[in-house]
Amino acid sequence: MLSKKIQAALEGSSAIRAMFVEGKELAAKVGEENVFDFSLGNPATPAPELLNQVIKDLLDDVDPLTLHGYMSNSGYEDVREAVAKNLNKRFGTDFTWKNIVMTVGAAGGLNIVFKTILDPGDEVIVFAPFFGEYRSYAANFDASVVAVKPDYKTFEPDLSAFEEAFTEKTKAVLINTPNNPTGVVYSDETMKAIARILEEQQAKYKKEIYLISDEPYRELVYDGVKENFLTKYYKNTIVGYSFSKSLSLPGERIGYIAVPNEASDAENLLAGIEVANRTLGFVNAPSLIQKAVAGCINESTNLEFYDKNRKDLYEGLVKLGFTCIRPQGAFYLWLKSPVENEAEFVAEAKKYNLILVKGSAFGCGGYVRLAYCISNEKINRSLGAFAKLAKVYNLAGEME
Ligand code: PLP
């Protein structure tokens, strides 16, 4: 009865969502306050206060037929102009509203870009570990992802493996820094090397290979790390952005695509992306929230909140003897499973009411992901549960 594609999607259903459901079931048994649910990347600090005021003003002041009406499939011109100006001010780009397409979150954005450039059988190179949904997005267009293994010391991409991943079928490379699930921010040197390799491969295969930069965590950087904007490294870069994390609006489904003029065929690309937005059935990004984010374009999230969680969790876990990658961005922590099969570790952790997500969901077994976007009080209380878990594996933590 179901299509083959949906049957396949059901079988490989999201491990993150599955753990979230397990967390909810556990909460019903032992009480929500006793469950340490590190599964879902749902922001835990509210949208900026200004957002409410902007929405109220829009409702009071704008003609409802305009406010709730259809507009260009790429979004309101004034909203796109506000995005363009904001990017130009921060990153020295030269966008106008024509370079920007408002999208239904990053997920909607990636799907319309894939629809625009992928033919059946095409390949998209991704760097493991990666956001597992990329697989489904490529499969939507009968394309596939080719995963490149990481350098296991830094969790930046293994560049020799990257060079070897290109084939005749490579259409794009999809990159996500600050990264979900590792929290790693790729260095300037890594980005320059990726750009160099892309140039070489374009020359070798005599065709455009696009770099698609998925940037929902662009502003979530710590330890003095600077926000980066990747169009400066490689001219065929398409940027996908989301306000889901930066303004805590994941349910509102709002983001954008930016295509620089330097990209080959930029005008056609933008026209294709606009059509894809319509034919995939998004039609346009939701109207009210487009206007609302334009009014909050200079706002930012509560970075201190995430930073405190990051430090408390990382330092607490390392003290207990766990091996973790120190996160410098996003709100995820990547922890090495003390046993090879991390699914066993995830099951053991659940006995202590700790809900973690296995690394294989991100194309990288042997590790687990913790989303530390929960209350700081819970982070600190969870360390007691982690201490018990550390004992199970005889980890040599520091003595109190
Ligand atoms: N890309 C990455 C790396 C993500 O982590 C997420 C959400 O967690 C998305 C894309 C999808 O974001 P959105 O909610 O804007 O669709």
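With the first letter of the sequence shown counted as 1, position 232 gets the number 220 in this note's numbering; the numbers rise by one all the way through. Glycine included, each C-beta is placed from N, C-alpha and C at the ideal position. It should be emphasised that the depicted structure is a prediction, and the values quoted were computed from it without experimental measurement.
In terms of residue numbering, what span does the alpha helix (DSSP H) encompassing D202 cover?
Careful: D202 lies outside any alpha helix (DSSP H), inside the beta strand (DSSP E) at 198 to 202.
Less than 8 Å between the C-beta atoms of I343 and D66, yes or no?
no
Ignore the nearest five residues each way along the sequence and tell me which others in F217's own chain have a CB closer than 6 Å to its CB.
F79
Could you check what DSSP says for G354 in three-state terms: helix, strand or coil?
coil
DSSP has F115 in a bridge; who is on the other side?
V136
Which runs of the alpha helix (DSSP H), 4 residues or longer, sit entirely within the region 154 to 193?
176 to 193
For T165, count the other beta carbons within 10 Å of its own beta carbon; 16 or more makes it buried, fewer makes it exposed. Which is it?
buried
What residue from F350, Y360, E336, G354 has the CA that sits closest to A375's CA?
When each option's Cα is compared against that of A375, the closest is E336.
Relative to the alpha-carbon of N40, which residue among A373, L237, L305 has its alpha-carbon at the smallest distance?
L237
How would you write the range of the alpha helix (DSSP H) that G243 sits in, first residue to last?
From DSSP, G243 is part of no alpha helix (DSSP H) but of the beta strand (DSSP E) over 243 to 246.
Output the residues surrounding ligand 1, defined as those with a CB atom closer than 6 Å to any ligand heavy atom, in chain order.
G29, G93, A94, A95, F119, N164, N168, D202, P204, S230, S232, P238, G243
By a C-beta neighbour count over all protein chains shown, 10 Å radius and 16 as the cutoff for buried, is K44 buried or exposed?
K44 counts as exposed, since fewer than 16 other beta carbons sit within 10 angstroms of its beta carbon.
Go ahead and pull the three-state DSSP assignment for S232.
helix
Comparing C-alpha positions only, which one of A331, Y294, E330, V306 sits nearest to K366?
For the residues A331, Y294, E330, V306, the minimum Cα distance to K366 belongs to Y294.
Between which two residues does the alpha helix (DSSP H) holding V42 run?
37 to 49
When you compare the CB positions of Y122 and V114, do they come within less than 8 Å of one another, or not?
A contact, by the Cβ cut-off of 8 Å.
What does the alpha-carbon distance come out to for the pair E20 and N341?
For E20 and N341, the gap between their C-alpha atoms comes out near 10 Å.
Give every residue of the same chain whose Cβ lies closer than 8 Å to the Cβ of K223, excluding the five residues on either side of it in the sequence, and list them in chain order.
P248, E250, A251, S252
If you follow the alpha helix (DSSP H) that T104 is in, where does it begin and where does it stop?
93 to 105
Residues in its own chain within less than 7 Å of K180 by CB, not counting five upstream and five downstream?
Y221
So Y198 and A160 are in contact, right, with Cβ under 8 Å, and what is the actual spacing, rounded?
4 Å
Look at G96 and Y244 and say whether their C-beta atoms are less than 8 Å apart.
no
Helix, strand or coil for M90 per DSSP?
strand
Please work out which residues of its chain come closer than 7 Å, Cβ to Cβ, to V345, disregarding the five sequence neighbours upstream and downstream, and give them in chain order.
A3, I4, M7, S27, V356, R357
Starting from K195, trace the alpha helix (DSSP H) in both directions and tell me its first and last residue.
Where K195 is concerned, there is no enclosing alpha helix (DSSP H), given that its DSSP letter is neither H nor E.
In the DSSP assignment, find the alpha helix (DSSP H) that holds L383 and state where it starts and stops.
No residue range can be given for L383, since it is assigned to no alpha helix (DSSP H) and is classified by DSSP as neither H nor E.
Could you have a look at I277 and say whether DSSP puts it in helix, strand or coil?
Helix at I277.
Grab the span of the alpha helix (DSSP H) containing K324 for me, first residue to last.
Premise fails: K324 lies in the beta strand (DSSP E), 320 to 324, not in any alpha helix (DSSP H).
To which residues of the same chain is A359 closer than 7 Å at the C-beta, ignoring the five residues directly before and after it?
F26, S27, L28, G29, F319, Y320
What are the partner residues of K346, as DSSP defines its beta bridges?
V356
Have a look at P34 and L235 and give me their C-alpha separation to the nearest angstrom.
Each residue's Cα considered, the two are about 8 Å apart.
As a quick exercise: from E37, A94, T54, pick the residue whose alpha carbon is nearest that of A231.
The amino acid at residue 231 is misidentified as Ala; the sequence shows Phe. That would be A94, whose Cα lies nearest to the Cα of F231.
Counting along the chain, where does the alpha helix (DSSP H) carrying P52 start and finish?
52 to 55
Just to confirm before moving on: does the CB-CB distance between E203 and S175 stay below 8 Å?
no
Quick check on S(-9): buried or exposed, where buried means 16 or more other Cβ atoms within 10 Å of its Cβ?
exposed
Whole-angstrom Cβ separation of N272 and G63, contact assumed at under 8 Å?
6 Å
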